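K.L.:
Chains A and B supply the protein sequences, listed in that same order. Under numbering that gives the first Met the number 0, think of the first position of the first sequence as 0, with each following residue one higher. Under numbering that gives the first Met the number 0, think of the first position of the second sequence as 0, with each following residue one higher. Idealized CB from N, CA, C, for every residue including glycine. Predicted, not measured: the structure shown is a model, and the values here were computed from it. The structure that follows is given in the form of structure tokens.
Protein chains: 2
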Amino acid sequence: MTTSATAKAVRAKGDRTRQAILRAAVDVASEEGLEGLTIGRLATEMGMSKSGLFAHFGSKEELQLATVEAAREVFIEAVIHPSFESTRGLARLRRLCEVWLDYANGQVFRGGCFFFAASAEFDGRPGPVRDRVAAIMREWLTTLERTAREAQAAGELSRDVTPAQLAFEINALELGANWAFQLYGDARVFAQTREAILQRLRGLSAADAPQATRPRPKRSPRKTKAPEKKHVRG
Amino acid sequence: MTTSATAKAVRAKGDRTRQAILRAAVDVASEEGLEGLTIGRLATEMGMSKSGLFAHFGSKEELQLATVEAAREVFIEAVIHPSFESTRGLARLRRLCEVWLDYANGQVFRGGCFFFAASAEFDGRPGPVRDRVAAIMREWLTTLERTAREAQAAGELSRDVTPAQLAFEINALELGANWAFQLYGDARVFAQTREAILQRLRGLSAADAPQATRPRPKRSPRKTKAPEKKHVRG
DNA sequence: GCGTAAAACGAACGTTCGTGCTATATTGCC
DNA sequence: GGCAATATAGCACGAACGTTCGTTTTACGC
Chain A
0 MTTSATAKAV RAKGDRTRQA ILRAAVDVAS EEGLEGLTIG RLATEMGMSK
50 SGLFAHFGSK EELQLATVEA AREVFIEAVI HPSFESTRGL ARLRRLCEVW
100 LDYANGQVFR GGCFFFAASA EFDGRPGPVR DRVAAIMREW LTTLERTARE
150 AQAAGELSRD VTPAQLAFEI NALELGANWA FQLYGDARVF AQTREAILQR
200 LRGLSAADAP QATRPRPKRS PRKTKAPEKK HVRG
Chain B
0 MTTSATAKAV RAKGDRTRQA ILRAAVDVAS EEGLEGLTIG RLATEMGMSK
50 SGLFAHFGSK EELQLATVEA AREVFIEAVI HPSFESTRGL ARLRRLCEVW
100 LDYANGQVFR GGCFFFAASA EFDGRPGPVR DRVAAIMREW LTTLERTARE
150 AQAAGELSRD VTPAQLAFEI NALELGANWA FQLYGDARVF AQTREAILQR
200 LRGLSAADAP QATRPRPKRS PRKTKAPEKK HVRG
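Following this line, the structure appears as structure tokens:
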């Protein structure tokens, strides 16, 4: 193993440590906030010295930015990838909502959705952290919006609502679910939110059929799968 | 001691100072958070010494609790009282939403809705502050819920939705509006949210006469009225 | 194995935090 | 106007923060 092809696969020890730090940082930050994410506390949790940990990042702001980036990777893995296994259009839109609620309900992050916590914390503090968080949330809104637009293009969704508006509403309901769960600890809110979103989507099902509520309207030719991974990334 | 009759009407100077402090504290806290609300910073802003200000509260937690209470007073004055001038039922429910959106849009608090910020900040930190914030938000949800129930009792609102569910949805949309405004600064989100809530309420209007206080720009004139929801929420 | 670069450490820095303690100014009742 | 009560200031403290620096330990290509 010279410094050749394998040099990239086998990371140096520092990189492994850095990633282990970030894995812990993401959990701490989702609970205590990105400002409450303290270098000393994190070092204690990792069983290493403050200065040793600090050297990996150079400044607290860099640590925060790296933590945000790590949380984004987790989110993509936990929500985006599973959802994009569904065919694009209404099915994927539903999937995005369901997977998101599982993500917020399960313990992906100890303190609920990382990005809702981070955006609430930083919305009043200008700087690169705030900008990055806002950009990532915009990615999420855009993904919802694009999926809704695809559902409209496929004739699965009424055009009475703009995709951006629907994306906002879905995001708001998820935000509300996360908020209620974190504040009151009652997980039933996720099932309620799921029903609220699905009902909203049902009310927006394309208008030609006054049909029943429950069974999925298979109006589009059933394509088994359409895995075009055209998602964000980079 | 000799408690004069006017002792209660004419507040001591300390009380006036205390209230002036809390007025500033509420603004700072809505922007920087209840933890970022620092005694030194607040003292500087008030033009007094740290210890002089501190003596009014005795501990930071007491300052935070007093700030939460002061914010609650502001909220009641800005949202509850105006709304309760409307007759109870659907009119008041609509009013609650509209006034709330004005409250979040206008600069009642510098950093947006105080309680959304506070609950996001404290949802992971047990203690009396968290408990008080959660209780106040419960008050708000209960007010929405009770008003919805009154609207149902008056026959103005379909019984296809439980008041608690509707209260949750309204609160979530407001939360989403506040979130988007704080993060992206685009005030148009309030008009969109207003429309989303009113449309939801319109979809839940009881089955009799279409009261149609606000004609909706429709692209399909064929549908005179949204069909009654046959889906019964569980 | 050796030598070097990376990684981790330990101690200390300057600040800022919340919080006491004590003295002084101010208020408000007789 | 005098006097007790109250309000405010001044100062100091210990702890925790992010950060720097010099040293020591570990990893790893040769």
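Rounded to whole angstroms, what's the CA-CA distance from residue 176 of chain A to residue 47 of chain B? Just pull it up for me.
P.N.:
Within the first sequence, residue 176 of chain A is the residue found at index 177, counting from 1. Within the second sequence, residue 47 of chain B is the residue found at index 48, counting from 1. Cα to Cα, residue 176 of chain A sits roughly 42 Å from residue 47 of chain B.
K.L.:
Measuring only the C-alpha atoms, how far is residue 78 of chain B from residue 101 of chain B?
P.N.:
Along the second sequence, read from residue 1 onward, the residue named residue 78 of chain B stands at position 79. Along the second sequence, read from residue 1 onward, the residue named residue 101 of chain B stands at position 102. Cα to Cα, residue 78 of chain B sits roughly 9 Å from residue 101 of chain B.
K.L.:
Closer than 9 Å by beta-carbon distance: list the chain A residues that pair up with residue 99 of chain B, in chain order.
P.N.:
For this step, residue 99 of chain B is matched to residue 100 along the second sequence. Result: empty, since nearest Cβ-Cβ is about 14 Å, beyond 9 Å.
K.L.:
Can you tell me which of the three DSSP states residue 203 of chain B falls into?
P.N.:
As a first step, residue 203 of chain B is located in the second sequence; it is residue number 204 there, counting from the start. If DSSP states are grouped into helix, strand and coil, residue 203 of chain B belongs with coil.
K.L.:
Going by Cα to Cα distance, which pick from A:184, A:181, A:134 and A:172 is closest to residue 200 of chain A?
P.N.:
Walking along the first sequence from the start, residue 200 of chain A turns up at place 201. Of A:184, A:181, A:134 and A:172, the residue nearest in Cα terms is A:172.
K.L.:
So, helix, strand or coil for residue 36 of chain B, using DSSP?
P.N.:
Sequence index remark: in the second sequence, residue 36 of chain B carries index 37 (1-based). It is coil, neither helix nor strand.
K.L.:
Using a Cβ cut-off of 9 Å, pull out every chain A residue sitting near residue 104 of chain B, in sequence order please.
P.N.:
Stepping through the second sequence from its first residue, residue 104 of chain B is reached at position 105. Ordered by position in chain A, no residue passes the 9 Å Cβ test against residue 104 of chain B, which lies about 15 Å from the chain.
K.L.:
Verify the contact flag: residue 204 of chain A, CB atom, against every heavy atom of the ligand GDP, threshold strictly below 7 Å.
P.N.:
Summarising the ligand content, the structure contains no ligands, and the ligand GDP is consequently not present.
K.L.:
Under a CB-based cut-off of 8 Å, is residue 118 of chain A close to chain B?
P.N.:
Within the first sequence, the letter at position 119 stands for residue 118 of chain A. Yes - at least one Cβ of chain B is within 8 Å of the one on residue 118 of chain A.
K.L.:
Look up residue 100 of chain B in the DSSP assignment and give the residues it is bridged to.
P.N.:
As a working mapping, residue 100 of chain B is identified with position 101 in the second sequence. Note: residue 100 of chain B sits in no beta bridge, so no partner.
K.L.:
Roughly how many whole angstroms lie between the Cα atoms of residue 106 of chain B and residue 84 of chain A?
P.N.:
Stepping through the second sequence from its first residue, residue 106 of chain B is reached at position 107. Stepping through the first sequence from its first residue, residue 84 of chain A is reached at position 85. If you take the alpha carbons of residue 106 of chain B and residue 84 of chain A, they lie about 44 Å apart.
K.L.:
Taking a cut of 7 Å between CB atoms, which residues from the stretch 149-175 of chain A lie near chain B?
P.N.:
Within the stretch 149-175 of chain A, the qualifying residues are 164, 167, 168, 170, 171, 172, 174 and 175.
K.L.:
Three or more C-beta pairs closer than 8 Å, one from the stretch 188-203 of chain B and one from the stretch 159-169 of chain A: is that the case here?
P.N.:
Result yes; three or more Cβ-Cβ pairs closer than 8 Å.
K.L.:
Within its chain, find whatever has a CB closer than 6 Å to the CB of residue 113 of chain B; leave out the 5 residues flanking it on each side and keep chain order.
P.N.:
Mapped onto the second sequence, residue 113 of chain B falls at position 114. Result list for residue 113 of chain B: 29 and 70, in chain order.
K.L.:
How about residue 52 of chain B and residue 41 of chain B: do their beta carbons lie closer than 8 Å?
P.N.:
Walking along the second sequence from the start, residue 52 of chain B turns up at place 53. Walking along the second sequence from the start, residue 41 of chain B turns up at place 42. It is a contact, given that the beta carbons lie within the stated cut-off.
K.L.:
To which residues does DSSP link residue 156 of chain B through a beta bridge?
P.N.:
As a first step, residue 156 of chain B is located in the second sequence; it is residue number 157 there, counting from the start. For residue 156 of chain B, which the question treats as bridged, DSSP gives the partners B:204.
K.L.:
Could you run through the stretch 128-139 of chain B and flag, in chain order, every residue whose CB is less than 7 Å away from some CB of chain A?
P.N.:
Taking 7 Å as the Cβ-Cβ cut-off against chain A, the residues of the stretch 128-139 of chain B that qualify are 133 and 136.
K.L.:
Just the C-alpha distance for residue 90 of chain B and residue 159 of chain B, rounded to the nearest angstrom, thanks.
P.N.:
To locate residue 90 of chain B, count along the second sequence from 1; it is residue 91. To locate residue 159 of chain B, count along the second sequence from 1; it is residue 160. The alpha-carbon atoms of residue 90 of chain B and residue 159 of chain B are separated by roughly 19 Å.
K.L.:
Check whether the Cβ atoms of residue 247 of chain A and residue 108 of chain A lie closer than 8 Å to each other.
P.N.:
Lying before the first or after the last residue shown, residue 247 of chain A is absent from chain A, which here runs from 0 to 233.
K.L.:
Interface residues of chain B around residue 181 of chain A at Cβ under 9 Å?
P.N.:
Stepping through the first sequence from its first residue, residue 181 of chain A is reached at position 182. Simply 118, 119, 122 and 123.
K.L.:
List the whole-angstrom C-beta distance separating residue 88 of chain B from residue 149 of chain B, where the pair is believed to meet the contact cut-off of C-beta under 8 Å.
P.N.:
Against the second sequence, residue 88 of chain B aligns to sequence position 89. Against the second sequence, residue 149 of chain B aligns to sequence position 150. That belief holds up - the Cβ atoms of residue 88 of chain B and residue 149 of chain B are roughly 5 Å apart, short of 8 Å.
K.L.:
When we look at the beta-carbon of residue 110 of chain A and count the other beta-carbons within 10 Å, is it buried (16 or more) or exposed?
P.N.:
Counting from 1 along the first sequence, the entry for residue 110 of chain A is found at position 111. When all chains shown are included, residue 110 of chain A counts as buried.
K.L.:
Would you kindly report the start and end of the unbroken alpha helix (DSSP H) that includes residue 126 of chain A?
P.N.:
The residue you call residue 126 of chain A lines up with position 127 of the first sequence. Segment: none, residue 126 of chain A is in no alpha helix (DSSP H) and carries neither H nor E.
K.L.:
Show which residues of chain A have a CB atom less than 7 Å away from the CB atom of residue 63 of chain B.
P.N.:
For the purposes of this step, residue 63 of chain B is identified with residue 64 of the second sequence, where counting begins at 1. Near residue 63 of chain B there are no residues of chain A at all, since even the closest Cβ is about 15 Å away, more than 7 Å.
K.L.:
Can you name the residues of chain A whose CB is closer than 8 Å to the CB of residue 191 of chain B?
P.N.:
Start at 1 with the first residue of the second sequence, and residue 191 of chain B comes out as number 192. The contacting residues are 164 and 167.
K.L.:
Once the 5 residues before and after residue 258 of chain B are set aside, which same chain residues still bring their CB inside 8 Å of it?
P.N.:
Residue 258 of chain B is absent from the model: chain B starts at 0 and stops at 233.
K.L.:
Measuring only between beta-carbons, confirm whether residue 76 of chain A sits less than 8 Å from chain B.
P.N.:
Here residue 76 of chain A corresponds to residue number 77 of the first sequence, with the count starting at 1. With 8 Å as the cut-off, residue 76 of chain A does not count as an interface residue toward chain B.
K.L.:
In chain A, what lies closer than 8 Å to residue 30 of chain B by C-beta?
P.N.:
The sequence position of residue 30 of chain B within the second sequence is 31, counting from 1. Going along chain A in sequence order, the residues near residue 30 of chain B (Cβ under 8 Å) are 123.
K.L.:
What residues in its chain sit with their C-beta under 6 Å from that of residue 63 of chain B, if we drop five residues either side in the sequence?
P.N.:
On the second sequence, position 64 is the one that residue 63 of chain B refers to. So the list reads 33 and 128, once near-sequence residues are dropped.
K.L.:
Under 8 Å between the Cβ atoms of residue 134 of chain A and residue 189 of chain A?
P.N.:
Working through the first sequence from its first residue, we reach residue 134 of chain A at position 135. Working through the first sequence from its first residue, we reach residue 189 of chain A at position 190. Not a contact, by the Cβ cut-off of 8 Å.
K.L.:
Reducing DSSP to helix, strand and coil, say where residue 110 of chain A ends up.
P.N.:
Residue mapping note: residue 110 of chain A aligns to position 111 of the first sequence, counting from 1. If DSSP states are grouped into helix, strand and coil, residue 110 of chain A belongs with coil.
K.L.:
State the start and end residues of the unbroken alpha helix (DSSP H) segment that holds residue 74 of chain A.
P.N.:
Locating residue 74 of chain A in the first sequence gives position 75, where the first residue counts as 1. That run of the alpha helix (DSSP H) goes 59-74.
K.L.:
Measuring straight from C-alpha to C-alpha, what distance separates residue 81 of chain A and residue 92 of chain A?
P.N.:
Position 82 of the first sequence, counting from 1, holds the residue named residue 81 of chain A. Position 93 of the first sequence, counting from 1, holds the residue named residue 92 of chain A. Cα to Cα, residue 81 of chain A sits roughly 12 Å from residue 92 of chain A.
K.L.:
Measuring CA to CA, which of A:179, A:117 and A:155 is closest to residue 202 of chain A?
P.N.:
In the first sequence, counting from the first residue as 1, residue 202 of chain A sits at position 203. Nearest of A:179, A:117 and A:155 to residue 202 of chain A, Cα basis: A:155.
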